[in-house]
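K.L.:
Numbering (full-length UniProt numbering), first residue to last: 1 to 568. We put the beta carbon where it would ideally sit given N, CA and C, even for glycine.
#1: Counting only runs of 3+ residues fully inside the region 265 to 292, write out the beta strand (DSSP E) ranges in chain order.
#2: May I ask whether a heavy atom of the ligand MN can be found less than 8 Å away from the beta carbon of residue 152?
#3: Where does residue 215 sit, in a helix, a strand or coil, going by DSSP?
#4: Could you spell out the range, first to last residue, of the alpha helix (DSSP H) harbouring residue 342?
#5: For the pair the region 283 to 296 and the region 258 to 266, tell me if three or more CB-CB distances fall below 8 Å.
#6: I'd like the ranges of any alpha helix (DSSP H) spanning at least 4 consecutive residues and lying wholly in the region 428 to 466.
#7: Kindly indicate which three-state DSSP category residue 164 falls into: helix, strand or coil?
#8: DSSP three-state label for residue 251, please.
#9: In whole angstroms, give me the CA-to-CA distance for residue 541 and residue 119.
#10: Excluding the five sequence neighbours on either side, which residues of its own chain have a C-beta within less than 6 Å of the C-beta of residue 485, listed in chain order?
#11: First and last residue of the beta strand (DSSP E) that includes residue 176?
#12: Could you give the C-beta distance for residue 483 and residue 513, rounded to a whole number, given that I count them as a contact under 8 Å?
#13: By the DSSP assignment, the alpha helix (DSSP H) with residue 120 in it spans what residues?
#14: How is residue 572 classed by DSSP in three states: helix, strand or coil?
#15: Whole-angstrom Cβ separation of residue 178 and residue 355, contact assumed at under 8 Å?
#16: Keeping to the same chain, check which residues put their C-beta closer than 8 Å to that of residue 425; ignore five residues upstream and five downstream.
#17: For the alpha helix (DSSP H) that residue 415 lies in, which residues bound it at each end?
#18: Can you give me the C-alpha to C-alpha distance between residue 111 and residue 128, rounded to a whole angstrom?
#19: Count the other CB atoms within 10 Å of the CB of residue 507; is the residue buried (16 or more) or exposed (fewer)?
#20: For residue 363, count neighbouring Cβ atoms within 10 angstroms of its own Cβ and tell me buried if that reaches 16, exposed if not.
#21: Which of helix, strand or coil does DSSP assign to residue 330?
#22: For residue 393, name the three-state secondary structure that DSSP assigns.
#23: So for residue 157, helix, strand or coil by DSSP?
#24: What span of residues does the alpha helix (DSSP H) with residue 74 cover, start to end?
#25: CA-CA distance, residue 283 and residue 394?
#26: Between the alpha carbons of residue 143 and residue 407, how many angstroms are there, rounded?
#27: Excluding the 5 residues preceding and the 5 following residue 340 in the sequence, name in chain order all residues of the same chain whose CB lies nearer than 7 Å to its CB.
#28: Tell me, please, whether the region 377 to 392 touches the region 321 to 333 by the rule of three or more beta-carbon pairs shorter than 8 Å.
#29: Leaving out the 5 sequence neighbours to the left and right, which residues in its chain are closer than 7 Å to residue 381 when beta-carbon positions are compared?
#30: Along the chain, where does the alpha helix (DSSP H) that runs through residue 233 open and close?
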């Protein structure tokens, strides 16, 4: 039975949603032609009307009424974004007292996603949290995986050196916090095959997009009947509050300890960041943002390893820091100077609970993801065979390039062999992936084969080819095949044992969800660079079955329930 595909509905039925953005590249299909205009487009026609245009250049008979309706909806979306802070700051600013901003690209039509796979992803998150808690607590295992890569990866070497210095000095905190996001795509190599859930990556450091995900415009009167949006900001605030309660001040401070959020300068994504500050203040937790380059001058480390923050223009001894919630420190350029390295070392050496600490940061490296996908590796961290099987079923085939196998060498030397693979840079963050036939030439351009160790080779996820969407791009409206990605947020607080992989779990829960879509032939999925579009899903006929506790944050997902033999 064919997959039910929801095309943009008739004017009276069009329901608008808005999702969120992310800054990571993704691993969907790609080809050498990145010209979105060869797909169905909707653009301005005569008299200012929006008209759907097809490959043959002809408009459909019903184009004009649909175009008129769509033009109205686009205005509604833009107004909603403006009034709900779904914006990016435009830098540099031209006026000292004015702030320029642009609205995010969005999806203007619900995107199908199978209900049972969405539920599967939600239920996996606590397991993913537990796995990465244990991985981040095992410095020896991380050293085994990452050690061979240190010589040729400057940032990785810097982070590992900081980890070793903190460990040798018996600094840091025994309690750690993590805000994770596990990203998934649908896998269906051929039409008619069963659709499955495959993990793109596990993000452990400065996960973006959670605030944007809950700002979906519900434009029409028919939409309030849908379940509510995810409450990601409140959920993440709950995890940070749990970590705050686990912090033990060295002495009774004269003022309440604070939460410190390191941020990057010239930050265009404040709308995805400041809501956390406001939410934390609203629950009584003093919270401050500080730009990365100012941290050394605005913080001090006491002999007892208490971190004190001195807000600009403040007086006194400073405010003790209980939690460091990183929104900076993930870019190699931030560690290019001695000051950048010293900044991270000071923060990590302190007693403040880090979200995450440097080992949690290291756990998000692609080499760790690749190692965990190897046979018998999950058994080192988890005991339940059923749980292990559930996680392993979501993994794609991955191979290291530090010691490439004969198969990997064959793939990396022939463009036709590389078509079904993506070369993923070890560190997190977008813009580093190399796709398909471009892989051999890219590897050949590196100074030596030793440089290959900074990458892993991953089999491309092949999503269904017959899911269509309606996306509002920067200068046009795209109508045609789309690829979507589901991100599941998780929160964890844990106390590491002195040695080995043992952890005392203080908090472990799923927090919410994110959903993104892109045109089929776009290689990366980076919203803020104009590649990926926020998306959303509509719920239809969901049963109200008993929910595990963490589902209280997530059960508000809106999705299509696909009535199909392969997807039910």
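P.N.:
For this structure:
#1: 287 to 291
#2: By its list of ligands, the structure shown contains no ligand whatsoever, and the ligand MN lies outside what it can speak to.
#3: Of the three classes helix, strand and coil, the one that applies to residue 215 here is coil, per DSSP.
#4: 338 to 349
#5: yes
#6: Correct list: 438 to 445.
#7: helix
#8: Here residue 251 sits in coil by DSSP.
#9: With a pLDDT of 36 at residue 541, under the threshold of 50, the predicted position of this residue should be treated as unreliable, and no value is reported.
#10: 26, 183, 185, 516
#11: 175 to 187
#12: That pair is no contact at about 17 Å.
#13: 115 to 137
#14: One cannot answer for residue 572 here, as it falls past the ends of the chain, which runs 1 to 568.
#15: 7 Å
#16: 366, 432, 433, 454, 455
#17: Counting along the chain, the alpha helix (DSSP H) containing residue 415 begins and ends at 415 to 418.
#18: 26 Å
#19: buried
#20: Label assigned to residue 363: buried.
#21: coil
#22: Assigned with DSSP and collapsed to three states, residue 393 falls in coil, not helix or strand.
#23: helix
#24: Its alpha helix (DSSP H) spans residues 63 to 84.
#25: 37 Å
#26: The straight-line gap from Cα to Cα measures roughly 26 Å.
#27: 334
#28: no
#29: 131, 134, 135, 501
#30: 232 to 246
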